[in-house]
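Chemist: This is the structure I want to talk about, given as structure tokens.
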Ligand code: UDP
Ligand code: MG
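Numbering (the working numbering), first residue to last: 220 to 527.
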């Protein structure tokens with residue numbers, strides 16, 4: 220046996236019926252070959268296909284497989300949380316079901332953890348091979364902006380992680396609904412190392428994250444991780460106040476020296492700029508207020524309908 224510690228593998232799944240079984244067998248084969256004993260906790264994130272019956276048959280066949288089923292799709296972030304809530308172990312591994320987080324790296328990650336005595340090993344996407352020019356231009360600068368505003372590396376960071384009990388216990392104390400898993404694992408602190416890994420091709424099915432969904436996730440990450448944008452509006456407010464004072468002085472000067480005829484372009488520009496700044500600020504404030512509203516309702520974070 221590789222380690223005395225008990226290991227739990229948490230895998231969120233959503234509409235993965237086609238390849239789930241073969242992917243699970245592939246993960247299990249590699250872990251067996253590496254002599255790693257572990258239990259699995261699948262979270263069926265409200266799949267609309269036969270994912271749950273695949274999990275049921277896996278549960279019958281393999282005693283180490285457990286699963287919970289959400290009553291509807293709550294999203295990958297909450298699925299990861301529910302997985303960590305539903306199983307107990309000394310070490311927890313979170314990974315995707317589509318083999319994009321290659322199971323062959325689990326052993327090296329556990330070794331890193333031991334060797335460096337850290338609480339958390341974070342999988343970092345090392346290369347992304349096939350990048351189009353559009354991706355480089357748009358997505359890259361978008362991620363740069365995100366990193367600047369939240370301090371989170373959304374582009375290269377991943378949910379492929381090994382965590383010890385301490386980290387998971389602190390994650391379990393989070394009560395918020397709108398959370399971003401990579402955000403909270405970053406927020407809790409603890410000793411950590413990065414582990415670069417090569418992302419592999421998806422095995423079976425299609426990605427559930429379209430560009431639009433990724434944008435939503437990014438927005439979610441910002442809103443749930445930082446309130447900096449609120450200060451951004453304060454900052455632009457101050458900037459425009461300075462601007463206004465300068466222009467105000469100039470206007471008054473022109474008025475008193477009898478030159479105050481032209482200047483419509485200035486008026487139009489000012490109207491446009493202040494109008495958009497006010498709308499933008501209101502929008503940002505609105506986004507945070509809607510978050511407050513959602514959290515204050517204090518609904519359960521997720522509903523589990525079935526268990527194995
Ligand atoms: N997933 C989930 N809920 C969702 C969407 C995805 O649990 O609403 C799971 C999915 O089954 C997979 C993992 O999250 O195991 C990663 O999803 P996917 O491969 O679609 O994302 P990508 O790799 O393209 O980022
Ligand atoms: Mg994937």
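Quick reminder that beta carbons are idealized off the backbone N, C-alpha and C, glycines included. Note that the structure is predicted; figures quoted are calculated from it, not measured.
What are the boundary residues of the alpha helix (DSSP H) that residue 327 is part of?
Modeler: Its alpha helix (DSSP H) spans residues 325-335.
Chemist: Going along the chain, which residues of its own chain have a beta-carbon closer than 7 Å to the beta-carbon of residue 362, five neighbours each way excluded?
Modeler: Counting only Cβ-Cβ distances below 7 Å, and skipping sequence neighbours, we find 373, 374.
Chemist: What are the uninterrupted segments assigned as beta strand (DSSP E) that are 3 or more residues long and contained completely in the stretch 339-396, given in chain order?
Modeler: Whole beta strand (DSSP E) segments, 3+ residues: 339-344, 376-383.
Chemist: With DSSP as the reference, label residue 322 as helix, strand or coil.
Modeler: Note: residue 322 maps to helix in three-state DSSP.
Chemist: In chain order, what residues of the same chain lie with their CB nearer than 7 Å to the CB of residue 297, ignoring the 5 residues before and after it?
Modeler: The residues are 520, 521.
Chemist: For the ligand MG, is there a heavy atom less than 6 Å away from the beta-carbon of residue 315?
Modeler: Because some heavy atom of the ligand MG lies under 6 Å away, the Cβ of residue 315 counts as near it: yes.
Chemist: In the DSSP assignment, the alpha helix (DSSP H) including residue 493 goes from what residue to what residue?
Modeler: Counting along the chain, the alpha helix (DSSP H) containing residue 493 begins and ends at 483-515.
Chemist: So, under 8 Å CB-CB, residue 523 and residue 288 are touching, yes? Tell me the CB distance rounded to an integer number of Å.
Modeler: That belief holds up - the Cβ atoms of residue 523 and residue 288 are roughly 7 Å apart, short of 8 Å.
Chemist: Tell me the residue span of the alpha helix (DSSP H) that contains residue 237.
Modeler: Residues 236-252.
Chemist: Under 8 Å: do the stretch 244-261 and the stretch 307-326 share three or more Cβ pairs, one atom per stretch?
Modeler: Segments in contact, yes.
Chemist: Closest to residue 408 by CA distance: which of 387, 437, 428 is it?
Modeler: Of the candidates 387, 437, 428, the one whose C-alpha sits nearest the C-alpha of residue 408 is 387.
Chemist: In angstroms, rounded to a whole number, what distance separates the CA positions of residue 452 and residue 469?
Modeler: Approximately 25 Å, taken between the alpha carbons.
Chemist: Residue 402 lies in the beta strand (DSSP E); which residues open and close that run?
Modeler: Residue 402 -> not in any beta strand (DSSP E); alpha helix (DSSP H) instead, spanning 400-406.
Chemist: What would DSSP say about residue 230, mapped onto helix, strand or coil?
Modeler: Strand at residue 230.
Chemist: Let me check one thing: in DSSP terms, what residues is residue 289 bridge-paired to?
Modeler: DSSP lists 523 as partners of residue 289.
Chemist: Ignore the nearest five residues each way along the sequence and tell me which others in residue 376's own chain have a CB closer than 7 Å to its CB.
Modeler: For residue 376, where only same-chain residues beyond five positions count, the Cβ hits under 7 Å are 341, 343, 401.
Chemist: Buried or exposed for residue 291, please, with buried defined as at least 16 other CB atoms from any protein chain shown within 10 angstroms of its CB.
Modeler: Per the 10 Å Cβ criterion, exposed.
Chemist: Would you say residue 298 touches the ligand UDP, meaning its beta carbon is less than 6 Å from a heavy atom?
Modeler: It does: the Cβ of residue 298 is within 6 Å (strictly closer) of some heavy atom of the ligand UDP.
Chemist: For residue 373, decide whether its Cβ has a neighbour in chain B, counting only Cβ atoms nearer than 7 Å.
Modeler: The structure shown contains no chain B, having only a single protein chain.
Chemist: Looking at the strands, I want to know which residues DSSP matches up with residue 413.
Modeler: DSSP lists 341 as partners of residue 413.
Chemist: So, with DSSP's three-state summary, where would you put residue 260?
Modeler: Here residue 260 sits in strand by DSSP.
Chemist: Per the DSSP calculation, residue 311 is bridged to which residue(s)?
Modeler: According to DSSP, which records beta bridges pairwise, residue 311 is partnered with 227, 382.
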